[in-house]
Structure formats: structure tokens, C-alpha cells
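Take the sequence shown: its letters are residues 102 to 182, numbered as in the working numbering.
Heads up, the beta-carbon is just placed ideally off N, CA and C, and yes, glycines get one too.
Please read these numbers as outputs of a predicted model, since none were measured by experiment.
One structure is given here, and the rest of the page talks about it.
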Amino acid sequence: MSDSHAARYVRQLRAQAKTAEASPKPAEALSCPYCSEARMFESDRQLWDHATLEHAPNLKSLGDPNRARIFLREEGLRISS
Ligand SMILES: [Zn+2]
């Protein structure tokens, strides 16, 4: 019987809750991962519209459009932060 195991488990749960809270950031700027000069967009929709116009080959290489859009949003957030 050890309490340390349970304590570690609780810490893990708390850490997970913290990251879950931190992830949704509304109205955050996104950067286009494909433009050489990172262009900023106010929403993932704007970034997506831009990418479908300017970077269609890049999006195609990502395969499934739904996954491509999620990837684009995550990359855009990562680059702009
Ligand atoms: Zn671009």
C-alpha cells in the first residue's frame, strides 16, 4: 500500500485538466504555415479560406480535408504564439 501512487495519479489528472482549460483560446490570431512571410488571420476559417486559394497543393498533400483543416488551425496557432 502506498499513497504516492494515488498522489501521482491525482497530479496527472490535474495536469490534464489544466491543459484542457488552456487550449480553447477564442479570437486568437493564426499564422499561415505556408506563407514565407507569416500572414495573420483572425479565425481558422479565414486561414482555411486563404489556404484553399493560395496553397491548394499543400492542403491536398495532407489528404482528408477535415484533418487538413485541423492541422492548419493547430499549426497556425502554434506559429503565432
Ligand atoms: Zn499562406
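Heavy atom of ligand 1 within 8 Å of residue i beta-carbon
i	result
A152	yes
R140	yes
E155	yes
Burial state of residue i, where buried means 16 or more other Cβ atoms lie within 10 Å
i	result
A114	The sequence given here places Leu at residue 114; Ala does not occur at that position. Exposed, since its Cβ has fewer than 16 Cβ neighbours within 10 Å.
A152	buried
S162	exposed
G177	buried
One or two residues paired with residue i in a DSSP bridge
i	result
F142	L131
Any non-hydrogen atom of ligand 3 within 8 Å of residue i CB
i	result
Y110	Of the ligands one can find in the structure shown, namely ligand 1, none is ligand 3.
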